[in-house]
Every structure is written in C-alpha cells, then in structure tokens.
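Report on the structure given below.
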Amino acid sequence: MSMLRFFLLVVLAGPAVAQKNPAVPAAPSSPLKTYALRLRPGDDLRQQLTAFVQAQHMRAGAVLTCVGSLTVATLRLANQDGPTEYRGHFEIVSLVGTLSTNGSHLHLSVADSTGRTIGGHLLDGCRVYTTAEIVLGELPALEFRREPDPTFGYQELVIYPAPAPALPQPKAPSKKGISRPKK
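Under mature numbering (1 follows the signal peptide of the UniProt record, and there is no 0), residues -18 to -1, 1 to 165 are what the sequence shown spells out, in order.
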C-alpha cells in the first residue's frame, strides 16, 4: 500500500510541482548543435572553453569529447578546498561536464607517462602541450543555471527551458527622404 501511495504522489504531484517552479524537473530533450575546436600549444584549456562559451552565448552545453595533451594540469581534487598543480607530460583521458554562460562544471582526467591517472575539477592553469581536440554540444532549447543547493550549500545545476528569443523591435521611420509641406 505504501508503494502505491508513493507512486501516486510522484505521478500526480509531479506536474503540479513543475508548474510552481519553472525549473525543469525531469530529463528534458533539446536539439543538439555541435562545435569542433582545436586548441594550440600553450593555450589554457579552461580559459579557452570559457571564452568560447561566452562568445557563443551558450546557455546550455556539454563537452562531447576531448583528446590531447597537457604540460600542466591544475585540478581541485575531491573534497579539497584549493588547487593541486601537476607538471610533466599528460594525456587527456577524459574531459566531461556542463557548459553555460551562467557557470560551467568540468572534470578532467589525465594520465602520465606511467599510465597513472589523476582527475578532478578542471581549473585555470591547464596548459596544452601539443593539441586539445574538443567537440562541444549546445542544447538551444535549455538554459543551465547554478543555484544554491541547501543540501550541501554548493551552487548546483538547475535546468530551465530557454527563454524565447526576443522579437525584433520595429524601427522608427527615417526622417531622411520625408518632405514636409511648405508653409
């Protein structure tokens, strides 16, 4: 009986909750627009991604794939407050996460020459060694925002439908070419 009550609560209350809160409560769908990037030696991986997201006005996106190499990997490791910097030659094993002009959340895993793998939050200071080949996906029907989550106090992902594009404003007629009657 309690399982049935839980099911009815979830099924019947779900739409009501969604109407009160404009955030999308479930896994919404969106068309996908893709971008392919190649970063050059010396580029800062995170700064270049952030600059691209800002230039494209990307409200909701994700890293689809990334391969390449770094000479410096700057990460925030699990449950640590500050950055940890690694120097050497590293292969990018994985770069995953969400992208938005409202705040991105990216994790990076890299392997050294012995195959030892480390990973954590991608921070500024990760320097490309030879290349970083990146494919990004944009979800134009959505908007990602970072909002405080009361559970732990962190800024966490909240998904909203993208705002409708602004309608073009009518232009005032030009006074050039308009003749007035003479008095």
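Positions of the beta carbon are idealized from the N, C-alpha and C atoms, including for glycine.
- For residue 178, collect the residues of the same chain with a Cβ closer than 6 Å to its Cβ; drop the 5 residues on either side in sequence, then sort them by chain order. With the chain running from -18 to 165 in the structure shown, residue 178 is simply not present.
- Opposite C48 in the DSSP bridges: which residues? I116
- Measure the Cβ-Cβ separation of A9 and L121 and say whether it is below 7 Å. no
- Is it right to say R28 is buried, meaning 16 or more other beta carbons lie within 10 angstroms of its own, or is it exposed? buried
- Message: Buried or exposed for E125, going by 16 or more other Cβ atoms inside 10 Å?
- Response: buried
- Query: Looking only at its own chain, which residues have a Cβ that is under 7 Å from the Cβ of T47, when we skip the five neighbours before and after it?
  - Reply: V117
- Message: Across the segment 55 to 63 and the segment 102 to 111, are there enough close Cβ pairs to call them in contact, namely three or more that are closer than 8 Å?
- Response: yes
- Query: In terms of alpha-carbon separation, which member of N61, D63, T66, G102 lies closest to V78?
  - Reply: G102
- Query: Where does L59 fall in DSSP's three states?
  - Reply: coil
- Message: Here's the rule: buried if 16 or more other CB atoms are within 10 angstroms of the residue's CB, otherwise exposed. What is G50?
- Response: buried
- Check whether the Cβ atoms of A44 and G119 lie closer than 7 Å to each other. yes
- Task: Flag L121 as yes when its Cβ comes closer than 6 Å to any non-hydrogen atom of the ligand NAD, and as no otherwise.
- Result: The ligand NAD is not among the ligands present in this structure, which contains no ligands whatsoever.
- Message: Suppose you measure from the CA of T113 to the CA of N84; what does that come to, to the nearest Å?
- Response: 27 Å
- Neighbour-count burial assignment, residue 166, 16 or more Cβ in a 10 Å radius: What the structure shows of the chain is the stretch from -18 to 165, and residue 166 is not part of that stretch, so it cannot be assessed.
- Message: Can you list, in chain order, the residues of its chain with a C-beta nearer than 6 Å to that of Y17? Leave out the 5 residues immediately preceding and following it.
- Response: L118
- Item | Nearest to L81 (by Cα), restricted to the options P145, S11, I141, A146 | I141
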